[in-house]
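As structure tokens, the structure follows; a few thoughts come after it.
Protein chains in written order, with my numbering: chain A, 3 to 240; chain B, 1332 to 1625.
As structure tokens, then:
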């Protein structure tokens, strides 16, 4: 069903679109679960959870290929236009972003396993607020897509700005800790990379929000700068 | 003589003669470069339709207050479900509907700022300016050569060299020359469906019209023949203003610069084709083009 609420005359087209959409949402769920496992594994020093996050990345990779393949089939078989076309393109691009998010989760899990082999440092907790911001961004990005919520999609850039600020602050703190406690240099270095992964996850979530705006409003908001984006958000909410 | 005062045939002859003089070659047909031809001067900016309504019989109104502008030397596609009025409007552009009893209209259609229903305008001269290609190819049971020069012969043209020139130029423009140059005097009925349709296009442009109307020109053709016609349409717009009625959405996106969606005799939306097919402004348009109609 498209934005007008009418079903396509061809039931098989409607089903293919719905299946593509559902696959993206299932993929998002697995990617987010991988991120949860990786972070929980880091914070609780649980290597099993880290291993799960790494192993389950294969499932996300498979989703990406399936969604791309189905998208190609839809383009070939049904030649969609307007909202339907944007829906198919967005599904393929969001799948790519989710795959990258899951890759970042895998990187976090690998570093968490290595961190677990060293003595625990208090600064590990500094990752938690970054994770909370990143995961909210990811959920909102997916919600914007699932509910075709253009307002929410437009709001993600601002949220990401807060994550970026928190990230820079964390890097500063971890750098200071490295100077203060050189014996745990490797652990702090791993934590810096973990923070970097979360910052990148925020960027991918923003990309997902951008695709949702594209689906809902046919507007390409990539690379337009914060001022133009704010204006657009104001215009759209009026 | 001022070219503006010449009849289309005389203008055509003058153009060819001037081209021959320029090249200094008289022993073979001259390939005319349309963009440089003086006959293009004074071509219409567009077709303007102003608050136009049309009735088949007094009680049956099939077009309602259509207002639109069709730009010069671009391809404009009319889309919409069967019975929405797109072909009726197309056939009004050259007053083909006048042949039906009981029809009436309100409003105006202008071609090159000239009201086509002006009492002083001869319908024949209007139709010379507007070529038409129909859904089903309709070559005359004559040779390929005679099909192309038919309208010139009817107008009394007997100059063999001129007719030869017209045949070669028209068939080349219709991308049919290479396939037919060695059998110009064979029956046109021996051509394939796609070739017949291109012959009809060659016949339609032989008289150098300003506008070319095409009513589902590919609906009876296979994909290869369709591709050839579509490629031809893209080339023809260098010289002609093309209006095409099509039920094939992909064809409209491939060949047209502007697209207009009609429903129940009303113009719902007209826009650049890319815009109309990527982000139509009207919900009815989106429902139709994305297959959510009915």
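Here a beta-carbon is modelled for each residue, glycine too, at the ideal position from N, C-alpha and C.
Because the structure is a prediction, the values reported are computed rather than measured.
Report yes or no: is there a C-beta of chain A within less than 8 Å of the C-beta of residue 1527(B)? In the second chain, counting from the first residue as 1, residue 1527(B) sits at position 196. No, no contact with chain A.
Quick one: is residue 214(A) buried, meaning 16 or more other Cβ sit within 10 Å of its Cβ, or exposed? Taking the first chain and counting its residues from 1, one reaches residue 214(A) at position 212. When all chains shown are included, residue 214(A) counts as buried.
Can you tell which of 1471(B), 1586(B), 1576(B) and 1594(B) has its C-alpha closest to the C-alpha of residue 1330(B)? Outside the modelled stretch of chain B, which goes from 1332 to 1625, sits residue 1330(B), for which no answer is possible.
Identify every residue that forms a DSSP beta bridge with residue 1582(B). On the second chain, position 251 is the one that residue 1582(B) refers to. Partner(s): none; residue 1582(B) has no beta bridge.
CB-CB length for residue 1519(B) against residue 1474(B), believed under 8 Å: Looking up residue 1519(B) in the second chain gives position 188. Looking up residue 1474(B) in the second chain gives position 143. That pair is a contact at about 6 Å.
Check the C-beta distance from residue 84(A) over to residue 1621(B) and give it rounded, since I have them as a contact under 8 Å. Looking up residue 84(A) in the first chain gives position 82. Looking up residue 1621(B) in the second chain gives position 290. With 8 Å as the limit, residue 84(A) and residue 1621(B) qualify as a contact, their Cβ atoms being about 5 Å apart.
Could you confirm whether any beta carbon from chain B is found closer than 8 Å to the beta carbon of residue 91(A)? Position 89 of the first chain holds residue 91(A). Chain B contact via Cβ: absent.
Could you tell me whether the Cβ of residue 1411(B) comes closer than 8 Å to any Cβ of chain A? Within the second chain, numbered from 1, the residue matching residue 1411(B) stands at position 80. Residue 1411(B) does not count as touching chain A.
How would you list, in chain order, the residues of chain A whose beta-carbon sits under 9 Å from the beta-carbon of residue 1433(B)? Reading the second chain from its first residue, position 102 is the one you call residue 1433(B). Under the 9 Å cutoff, chain A gives no residues; its nearest Cβ is about 35 Å from residue 1433(B).
Alpha carbon to alpha carbon, how far is residue 15(A) from residue 87(A)? Numbered from 1 along the first chain, position 13 holds the residue referred to as residue 15(A). Numbered from 1 along the first chain, position 85 holds the residue referred to as residue 87(A). Roughly 12 Å between the two C-alpha positions.
Any idea what DSSP makes of residue 1435(B), helix, strand or coil? By 1-based counting over the second chain, the position of residue 1435(B) is 104. Three-state DSSP puts residue 1435(B) in a strand.
Using 8 Å as the threshold, is the stretch 49 to 65 of chain A in touch with the stretch 88 to 104 of chain A, meaning 3 or more CB pairs across them? yes
Per DSSP, residue 1597(B) forms a beta bridge with which residues? Working through the second chain from its first residue, we reach residue 1597(B) at position 266. Answer is 1594(B).
Return yes when the Cβ of residue 1543(B) is within less than 8 Å of the Cβ of residue 1571(B), no when it is not. Within the second chain, numbered from 1, the residue matching residue 1571(B) stands at position 240. Within the second chain, numbered from 1, the residue matching residue 1543(B) stands at position 212. Yes, Cβ-Cβ distance for residue 1571(B) and residue 1543(B) is below 8 Å.
Tell me the rounded alpha-carbon separation between residue 117(A) and residue 225(A). Against the first chain, residue 117(A) aligns to sequence position 115. Against the first chain, residue 225(A) aligns to sequence position 223. Using only the alpha carbons, I get a separation of about 36 Å.
Measuring CB to CB, does residue 1494(B) end up less than 8 Å from residue 1502(B)? Position 163 of the second chain, counting from 1, holds the residue named residue 1494(B). Position 171 of the second chain, counting from 1, holds the residue named residue 1502(B). Going by C-beta atoms, residue 1494(B) is not nearer than 8 Å to residue 1502(B).
Please compile the residues from chain B whose C-beta is within a distance smaller than 8 Å of the C-beta of residue 81(A). Locating residue 81(A) in the first chain gives position 79, where the first residue counts as 1. Simply 1580 and 1581.
Backbone CA spacing between residue 90(A) and residue 158(A) [nearest angstrom]: Your numbering for residue 90(A) matches position 88 in the first chain. Your numbering for residue 158(A) matches position 156 in the first chain. Cα to Cα, the separation comes out at about 22 Å.
Assuming residue 1565(B) contacts residue 1586(B) under a Cβ cut-off of 8 Å, what Cβ separation, rounded to an integer in Å, is found between them? For the purposes of this step, residue 1565(B) is identified with residue 234 of the second chain, where counting begins at 1. For the purposes of this step, residue 1586(B) is identified with residue 255 of the second chain, where counting begins at 1. The pair is a contact, with the Cβ atoms about 6 Å apart (cut-off 8 Å).
How big is the Cα-Cα spacing for residue 1537(B) and residue 1448(B)? For the purposes of this step, residue 1537(B) is taken as residue 206 along the second chain, with counting starting at 1. For the purposes of this step, residue 1448(B) is taken as residue 117 along the second chain, with counting starting at 1. Rounded to whole angstroms, residue 1537(B) to residue 1448(B) spans 25 Å at the Cα level.
For the pair the stretch 202 to 219 of chain A and the stretch 126 to 145 of chain A, tell me if three or more CB-CB distances fall below 8 Å. yes
Helix, strand or coil for residue 1395(B)? Go by DSSP, reduced to three states. Numbered from 1 along the second chain, position 64 holds the residue referred to as residue 1395(B). Residue 1395(B) falls in the strand class under three-state DSSP.
What separation, rounded to the nearest whole angstrom, lies between the Cα atoms of residue 204(A) and residue 17(A)? Here residue 204(A) is taken as the residue at index 202 of the first chain, counted from 1. Here residue 17(A) is taken as the residue at index 15 of the first chain, counted from 1. So the two alpha carbons sit approximately 31 Å from each other.
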